[in-house]
Amino acid sequence: MLQKTCIFLKCLLSFFFLSSSVTVSALNLTLPHQHPDPESVAQDVHRSVNASISRRQALSMKQNDQCLTGNPIDDCWRCDPNWAANRQHLADCSIGFARGTLGGKGGQIYVVTDSSDRDPANPSPGTLRHAVIQTEPLWIIFSGNMLIKLKHELIINSYKTIDGRGANIHITGNGCLTVQYVSHVIIHNIHIHHCKPSGNTMIASSPTHVGYRGRSDGDGISISGSQKIWIDHCSLSYCTDGLIDAILGSTAITISNSYFSHHDEVMLLGHNDKYPLDTGMQITIAFNHFGEKLVQRMPRCRRGYIHVVNNDFTAWEMYAIGGSANPTINSQGNRYTAPADDNAKEVTKRVETDESEWADWNWRTDGDVMVNGAFFVPSGFGASTQYAQASSLEPKSAAMIEQLTGNAGVFGDPRDERESYSFPGGSGSSGTSTSISGSHGGGDGDYFGMIFGSGGVTLPPPASSTSMFLSLLIILILYTTTDLLSLQL
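If you count by my numbering, then the sequence shown holds residues 8 to 496, one letter each, in order.
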């Protein structure tokens, strides 16, 4: 019996170590669309900016071309006088980790004609909710200016572009935008503000699935377990929780040309310090303007690789960039303008972490300009060679920031504290109101056409050896007990 038990124990231990190894490997698995060389992506962003600025300078010598700005995203599509007839070309203009995001490219144009959100479980054709839950690729545009006050969170399916160009589109209300376990989503030129928690109700996530949703946090845009997500030229403010959160293994994300204001915890990247899949999170934050009355988290990172390049940080009250759990922060060519408070001049904050732990974290500042006493505390000197390749292509000087971020946010938006929003049930700061209109009718229009199905990716839960080990341990105990009883008998 003892020999049998020893053999079984040996098998059990071998299985445990094997399963532990499999588990560790599973935790280090590459996420869908995770780039194997993030430094090369940083280089590509610099090349794009350099090429766009060089093109602008070359043309300015020959003609008075006011269209080109040096911003590679805008210069890619905005100089085309027929852009409205070629909207889907926007999908070719992304940079950074979300480069190649398709959105609804190749799909039909869906025109939103109805700004209502009466029944989240059974949305009416012509509404934004009806458009975003479809399974085929769609390029979603709007028939006119609209205020869309959501009844509950708007769950967006894969291969969708929400394109607000040519109209003044405001999304507000309960839940706001949810991008969960999907891929290839573009959100462009949309105001998102005054988002509040909601839930504990039934909400449609596809034409054939209606499910119970718990309470949402009140984020402006909530990204969970999703890849190839591009947020461009949006204006976000006044939400209950974060303006943008990306968690639970989300990666291949670019947040660009957007304007953030009037908020406390602006942007959270990473679920929690112990969530291993967020190690594969890769996010580009480029050409954004972090504006009036922001407090902290621009962003606050857990794990992952975050490239913060050519942004304008107007001010903060606590800190600009924070992190925990050893994220890589690559800050290049930004302008950081510190607040008047002498105790809040530092750009960076290691959250609830001792210096002995964060001293080796890879946090780098390259070509950043510090204004009004701002200072960035770098770390990871022992790993500086890792950054030699990225640094070999210098990011454009922060002196170019005003040129690169001059159009941040929704096109045509005001850029001062007089901006406000007037809508039923809430308002922003006092001042000039934004006029919004939109049809609330139904109709039987041809809103979209069937092209091909969604290719969304759902991440499986990480493998666990603990439960298998406990199960085998119980089997061993029963096996040993049975043998002992048989000997006694």
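Ideal Cβ positions, reconstructed from N, Cα and C, are used throughout, including at glycine.
Within 10 Å of its beta-carbon, does residue i have 16 or more other beta-carbons around it, so buried, or fewer, so exposed?
i: residue 74; result: exposed
i: residue 419; result: exposed
i: residue 219; result: exposed
i: residue 363; result: exposed
i: residue 306; result: buried
i: residue 348; result: exposed
i: residue 77; result: buried
i: residue 127; result: buried
i: residue 319; result: buried
i: residue 215; result: exposed
i: residue 91; result: exposed
i: residue 481; result: Because the pLDDT of residue 481 is 44, which lies under 50, any placement of that residue in the model is unreliable, and the number read from its coordinates should be weighed accordingly. It is exposed - the Cβ of residue 481 has fewer than 16 other Cβ atoms within 10 Å.
i: residue 123; result: buried
i: residue 58; result: exposed
i: residue 267; result: buried
i: residue 7; result: The structure shown does not extend to residue 7, since the chain is modelled only from 8 to 496, so the question has no answer here.
i: residue 281; result: exposed
i: residue 121; result: buried
i: residue 61; result: exposed
i: residue 221; result: exposed
i: residue 359; result: exposed
Comparing alpha-carbon positions, which option in the options lies nearest residue i?
i: residue 64; options: 82, 49, 50 and 48; result: 82
i: residue 415; options: 282, 148 and 317; result: 317
i: residue 226; options: 255, 356, 275 and 131; result: 275
i: residue 556; options: 137, 145, 92 and 99; result: Residue 556 falls outside the range modelled here, since the chain spans only 8 to 496, and no answer is possible.
i: residue 240; options: 53, 141 and 297; result: 297
i: residue 161; options: 134, 184 and 179; result: 184
i: residue 159; options: 167, 328 and 179; result: 179
i: residue 271; options: 279, 251 and 231; result: 251
i: residue 373; options: 366, 367 and 384; result: 384
i: residue 223; options: 324, 247, 167 and 233; result: 247
i: residue 344; options: 330, 366, 379 and 375; result: 379
So what's residue i in DSSP terms, helix, strand or just coil?
i: residue 202; result: strand
i: residue 115; result: strand
i: residue 289; result: strand
i: residue 319; result: strand
i: residue 226; result: coil
i: residue 438; result: In this predicted model, residue 438 has a pLDDT of only 34, less than 50, meaning its place in the structure is not dependable; the value taken from the coordinates is given anyway. Coil.
i: residue 164; result: coil
i: residue 354; result: coil
i: residue 378; result: strand
i: residue 62; result: helix
i: residue 325; result: coil
i: residue 192; result: strand
i: residue 217; result: strand
i: residue 37; result: coil
i: residue 455; result: Here residue 455 scores only 37 on pLDDT, less than 50, and its place in the model should not be relied on; the value that follows carries that caveat. Coil.
i: residue 197; result: coil
i: residue 49; result: helix
i: residue 242; result: strand
i: residue 233; result: coil
i: residue 185; result: strand
i: residue 370; result: strand
i: residue 170; result: strand
i: residue 76; result: coil
i: residue 412; result: helix
I'd like the list of long-range same chain contacts for residue i, defined as Cβ closer than 6 angstroms, with 5 residues on each side in sequence excluded.
i: residue 286; result: 310
i: residue 38; result: 256, 258 and 287
i: residue 171; result: 196 and 197
i: residue 335; result: 312 and 369
i: residue 100; result: 80, 83 and 84
i: residue 269; result: 244, 245 and 300
i: residue 112; result: 95 and 98
i: residue 135; result: 119 and 155
i: residue 231; result: 187, 254 and 255
i: residue 167; result: 111, 139, 145 and 192
i: residue 357; result: 365
i: residue 408; result: 319 and 342
i: residue 242; result: 198, 266, 416, 417 and 420
i: residue 302; result: 271, 324 and 325
Is residue i close to the ligand MG? I mean its beta-carbon at under 6 angstroms from any heavy atom of the ligand.
i: residue 327; result: Within the structure as shown, the ligand MG is missing, as the structure has no ligands at all.
Once you ignore the five residues that flank residue i on each side, which residues in its own chain have a CB closer than 7 angstroms to its CB?
i: residue 213; result: 140, 142 and 164
i: residue 44; result: none
i: residue 346; result: 322, 323 and 324
i: residue 189; result: 163, 164, 165, 233 and 463
Just to confirm my understanding: we take residue i, look at its own chain, exclude 5 residues before and 5 after, and list those with CB closer than 8 angstroms. What are they?
i: residue 467; result: A caution first: residue 467 carries a pLDDT of 36, below 50, which makes its placement in the model unreliable, though a value can still be read off. There are no such residues.
i: residue 106; result: 48, 51 and 261
i: residue 129; result: 211 and 217
| task | Scan the region 86-155 and note each continuous beta strand (DSSP E) run of 3 residues or more that stays entirely inside, going in chain order. | result | 115-119 and 145-149
| said: Restricting to runs no shorter than 3 residues, where is the beta strand (DSSP E) found entirely within the region 244-313? | reply: 251-254, 258-263, 266-268, 270-272, 274-276, 289-293, 301-303 and 307-309
| said: Just to confirm the assignment: which complete alpha helix (DSSP H) runs, minimum length 4, are found wholly within the region 330-354? | reply: none
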